[in-house]
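> Numbering (the working numbering), first residue to last: 26 to 236.
1) If you reduce the DSSP assignment to three classes, tell me which class residue 153 lands in.
2) How many Å lie between residue 230 and residue 38 at the Cα?
3) How big is the Cα-Cα spacing for residue 144 and residue 109?
4) Nearest to residue 107 by alpha carbon, out of 117, 122, 91?
5) Report the partner residues of residue 180 according to the DSSP bridge assignment.
6) Do you know offhand how far residue 27's Cα is from residue 50's?
7) Look up residue 202 in the DSSP assignment and say whether it is helix, strand or coil.
8) If we ignore side chains and look at the alpha-carbon of each, how far apart do residue 136 and residue 41 end up?
9) Output needed for residue 175: all residues of its chain with C-beta closer than 6 Å, excluding positions within five of it in sequence on either side, in chain order.
10) Report the partner residues of residue 91 according to the DSSP bridge assignment.
11) Flag this pair as touching only if the segment 185-202 and the segment 146-160 have three or more C-beta atom pairs under 8 Å; answer yes or no.
12) Measuring straight from C-alpha to C-alpha, what distance separates residue 153 and residue 34?
13) Which of the three DSSP states is assigned to residue 45 in this structure?
14) Within 10 angstroms of the Cβ of residue 183, are there 16 or more other Cβ atoms? Answer buried if so, exposed if not.
15) Measure how close the beta-carbons of residue 192 and residue 169 come, nearest whole angstrom, since I'm counting them as under 8 Å.
16) Taking DSSP as the reference, what is the three-state secondary structure of residue 98?
The structure is reproduced here in structure tokens:
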């Protein structure tokens with residue numbers, strides 16, 4: 026079975042801000058700042074009660090954003106994400122039930138893996154785009170470099186502990202198609218609605234990714 030892939034939908038810098046959001050209007054303003062800074066692929070994590078509403082608001086009100094839902098840990102969340110307007114979904118790990126729910130939802134899906142064994146299980150389910158998580162705790166760029174010759178058909182989007190100084194090295198790897206991070210959206214900047222700062226961080230990250 027061929028599953029939908031995220032990589033062909035990406036445009037511009039290959040950096041995915043990972044967002045924890047509590048309120049739809051704030052979510053829209055934050056997304057607008059990130060898109061203005063050049064980062065258009067956004068992952069809203071299901072870590073708050075308002076996450077689905079925030080993702081739906083971004084999808085409806087920020088035309089330049091490609092919105093995904095992350096931290097999916099229950100099968101029913103895949104249909105909820107699709108109904109909220111998500112264009113892709115991400116989970117921190119993979120189970121048989123999550124794999125089946127992802128196939129039913131029909132969205133590009135990045136299941137999380139931390140080891141070669143977990144990556145092989147994801148491959149057996151037919152997935153070729155994987156989230157390497159938590160990336161820095163599990164070896165960062167050297168680990169990804171080591172996996173490349175073992176599984177040349179797998180493409181990774183590492184997240185977890187990544188910062189601006191990791192961008193160039195990670196994105197230079199042949200088996201990495203994008204990376205995700207929370208450093209672009211400091212909690213205090215969101216709380217104080219410092220959207221110009223968020224846009225600046227996005228522009229700086231965009232420059233690193235394209236440099």
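Every residue, glycine too, gets a C-beta built ideally from N, C-alpha and C.
Predicted model, so just to flag it, every value in this text is computed and none were measured.
Working from what's here:
1) Assignment of residue 153 by DSSP, reduced to helix, strand and coil, places it in the coil class.
2) One C-alpha to the other measures close to 8 Å.
3) The alpha-carbon atoms of residue 144 and residue 109 are separated by roughly 28 Å.
4) Residue 91 is the option with its Cα nearest to residue 107.
5) BP columns for residue 180 point to 154.
6) The straight-line gap from Cα to Cα measures roughly 37 Å.
7) Of the three classes helix, strand and coil, the one that applies to residue 202 here is coil, per DSSP.
8) A straight-line Cα-Cα distance of about 15 Å links residue 136 and residue 41.
9) Within the same chain, residue 175 has no close Cβ partners at all.
10) Partner(s): 66.
11) Yes, the segment 185-202 touches the segment 146-160.
12) Roughly 15 Å between the two C-alpha positions.
13) Secondary structure at residue 45: coil, using DSSP grouped into helix, strand and coil.
14) By the neighbour-count rule (16 or more Cβ atoms within 10 Å), residue 183 is buried.
15) Actually they do not touch by this definition, with Cβ atoms about 14 Å apart.
16) Here residue 98 sits in coil by DSSP.
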